[in-house]
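Below: the structure, in structure tokens.
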Amino acid sequence: METGINSKIVEITQVSKDVLEKQAARKKNFEYWGPTPRDARKAAVAKKKGLIDKRTTIKEAIDTYIKDGINLGIGGFVNTRVPTAIVWNIVKKGVKDLTLSFQSNSICNEWIAGAMLVSNSNHVSIKRVELSWWGYEIIGIAPLFRYLVTNQMIELDDYTNYGMSVRFKAGAMGIPFIPTRDHGGSDMELVNRGAMMKCPFSGDNVYAVPACNPDVGIVHTQACDMYGNARIFGALCTCPEIAQAASHTIMSTEVILPEDAIRQYPNLTEIPYPVIDAVCEQQFGSWPGAVYGMYWFDMEHFLKFRSLGDEFRKTGNMDGLKRYYDEYFFSCDTWDDFIAKIVPHKKLIELRRKDGQQPIILT
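Sequence positions in the sequence shown follow our numbering and run 90 to 452.
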């Protein structure tokens with residue numbers, strides 16, 4: 090008779106075998122989890138190239154571009170310059186069967202996952218995820234992600250940090266795949282839909298990863314003009330590639346600059362205007378994340394929300410999560426209302442001070 094531990098090992102082994110079998114089937118019957126490179130290219134060519142005033146509200150942009158079943162490309166890196174204001178509005182709107190594509194992220198994904206759980210998938214739902222990392226980095230793992238994976242509620246396509254970044258790069262370049270020197274010869278071959286191939290020039294083995302072209306990319310920047318020419322200071326966080334790979338891109342920004350200011354330093358433009366569809370000015374649009382030169386991480390809130398998720402994962406008690414969404418999402422009309430309700434003014438001043446006034450150019 091098997092002991093409890095041996096029974097659990099058998100159960101986990103069977104789940105692992107099932108996952109690997111599904112992964113092998115996905116490789117064999119490959120399909121892009123979003124627009125094909127050909128379709129994404131058509132969308133890029135069809136965009137108007139003139140200097141059009143693209144200023145709008147986040148809500149209006151989401152009503153226009155965010156639909157059920159889309160591939161949503163999320164910019165930022167873990168807790169840095171993450172597009173939380175856009176994600177907050179997406180949760181408010183409600184959208185189902187999302188594919189989330191990102192390099193590395195934390196609270197954006199956890200907010201969407203939490204909304205999925207508290208609504209029992211009736212308001213928001215995630216169908217699948219292609220990623221390299223979903224977690225809080227030094228703060229710890231992402232408990233809601235762990236819950237979704239453990240209970241096989243979402244489908245995963247897992248790459249290295251480099252691998253996911255170059256997938257967006259391939260999407261931005263308009264090519265269907267890109268060769269890499271990593272993944273191959275490791276367990277990474279078993280957990281994603283890439284494929285080993287022989288280089289036609291050198292004869293060496295290279296690992297090819299498919300391009301990633303989201304239906305909609307969402308990014309947050311320090312500054313841009315009304316057309317969408319954006320400046321990013323600090324780490325770029327794959328945001329230019331996501332914006333260029335996506336069929337449509339919504340960009341929130343801390344400040345909208347005059348066109349003359351952008352033209353004065355053209356080499357500072359990291360995201361060019363033709364790939365942007367909506368420009369949304371939103372101060373503290375990445376809180377509780379950090380924006381280089383603007384404000385620091387609000388670690389206290391990261392810890393607070395993560396603890397609510399961890400309590401649910403461990404106990405099944407969802408009361409804390411439900412109260413959080415009821416109070417901070419569904420009882421607030423706008424992101425500014427949310428910020429005013431959840432972050433004391435003294436805390437905002439402190440976060441600006443903690444950034445240390447790192448040098449950025451806005452004029």
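Backbone N, C-alpha and C fix where the C-beta goes; we use that ideal spot for every residue, glycine too. Here the structure is a predicted model, which means the values were calculated and not measured.
Check	Outcome
Where M90 falls, given that 16 or more other Cβ within 10 Å makes a residue buried	Any reading at M90 is ruled out, since the residue's pLDDT is 44, under 50, leaving its predicted position unreliable.
Integer Cβ distance of I147 from Q371, believed to fall under 8 angstroms	6 angstroms
Three-state secondary structure assigned by DSSP to M286	strand
Residue from K436, F419, N194, R402 with nearest C-alpha to H453	In the structure displayed, the chain extends from 90 to 452; residue 453 sits before or after that span and is not available.
Environment of V134 [buried if 16+ CB atoms lie within 10 Å]	exposed
Run of the alpha helix (DSSP H) containing E348, from where it starts to where it stops	348 to 353
Rounded C-alpha distance that separates I101 from Q241	Residue placement at I101 is poorly supported in this model, since its pLDDT is 47, which falls under 50; the coordinates are not used for a value here.
Limits of the unbroken beta strand (DSSP E) element including V344	337 to 345
Per-residue burial, K258 [other beta carbons within 10 Å of its own, 16 or more giving buried]	buried
Backbone CA spacing between S375 and G283 [nearest angstrom]	32 angstroms
Cβ neighbours of L346 in the same chain (closer than 6 angstroms, five flanking residues each side left out)	A312, D314
T239 and V218 closer than 9 angstroms at C-beta	no
Simplified DSSP state of N240, which is helix, strand or coil	coil
Paired residues, beta bridge with I215 - DSSP	L187
Beta-carbon spacing of Y121, N302 below 9 angstroms	yes
Sequence-distant residues of the same chain with beta carbon closer than 6 angstroms to A261, five excluded per side	E330, Q333, A334
Option nearest S336 by Cα separation, candidates V308, I365, Y316, H309	I365
Per-residue burial, Q447 [other beta carbons within 10 Å of its own, 16 or more giving buried]	exposed
Residue span of the alpha helix (DSSP H) that contains N168, given as start and end	Counting along the chain, N168 falls outside any alpha helix (DSSP H), and DSSP gives it neither H nor E.
Cut-off 6 angstroms between Cβ atoms - residues of its own chain near W222, not counting five sequence neighbours on either side	S193
Test item: CB-CB of Y316 and Y362 under 9 angstroms	yes
I98 classed as buried or exposed, judged by whether at least 16 other C-beta atoms fall within 10 angstroms	Here the model assigns I98 a pLDDT of 48, short of 50, so the residue's position is not dependable, and the following value carries that caveat. I98 is exposed by the Cβ-count criterion.
Enclosing alpha helix (DSSP H) for G306 [first to last residue]	No alpha helix (DSSP H) contains G306, which is instead part of the beta strand (DSSP E) from 305 to 313.
Whole-Å CB distance - I201 paired with P377, under 8 angstroms assumed	Actually they do not touch by this definition, with Cβ atoms about 16 angstroms apart.
Alpha-carbon to alpha-carbon, I159 and R395	26 angstroms
Residue nearest to A113 in terms of C-alpha spacing, selected from G409, L245, I431	L245
Where the beta strand (DSSP E) through T358 begins and ends	358 to 360
Residue environment, F166, which counts as buried when at least 16 other CB atoms sit within 10 Å	buried
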